[in-house]
Amino acid sequence: MNSDRPHPLGLLGGTFDPIHDGHLELAREVRAALALSAVRLLPAGDPPHRAAPVATALQRLAMV
């Protein structure tokens, strides 16, 4: 990667219901492996693969 250019930003989506150390470790590992400037967590609104989250969308957003 050219050092003159800024590092890209990573996006990590998930339900985060609730957020836990595994989510944070994954974000750290991806950031390091891909030399990202940061990783932003994006809570899913209505996950299609599981039951509705226990926490509301606003509560989950506040957690991340």
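Numbering (numbering that gives the first Met the number 0), first residue to last: 0 to 63. C-beta: ideal position from N, C-alpha, C; glycine also. Since we're looking at a predicted model, the values are computed, not measured.
Next on the checklist: To test your reading of the DSSP string, which unbroken alpha helix (DSSP H) runs of 4 or more residues are found completely within the stretch 4 to 52?
Outcome noted: For the stretch 4 to 52, whole alpha helix (DSSP H) runs of length 4 or above, ordered along the chain, are 20 to 33.
Item to check | Pairwise C-alpha distance: residue 44 and residue 24 | outcome: Within the sequence shown, residue 24 is the residue found at index 25, counting from 1. Within the sequence shown, residue 44 is the residue found at index 45, counting from 1. Between the alpha carbons of residue 24 and residue 44 lies a distance of about 22 Å.
Next on the checklist: Counting C-beta neighbours from all protein chains within 10 Å, is the total for residue 101 16 or more, i.e. buried, or is it exposed?
Outcome noted: No statement about residue 101 is possible, as the shown extent of the chain runs from 0 to 63 and does not include it.
Next on the checklist: Taking the alpha carbon of residue 31 as the reference point, which residue from 63, 9 and 59 has its own alpha carbon closest?
Outcome noted: Taking the first residue of the sequence shown as 1, we reach residue 31 at position 32. Restricting attention to 63, 9 and 59, the CA atom closest to the CA of residue 31 is found in 9.
Checklist entry - What first and last residue would you give for the alpha helix (DSSP H) that runs through residue 61? => result Within the sequence shown, the letter at position 62 stands for residue 61. Where residue 61 is concerned, the enclosing alpha helix (DSSP H) starts and stops at 56 to 62.
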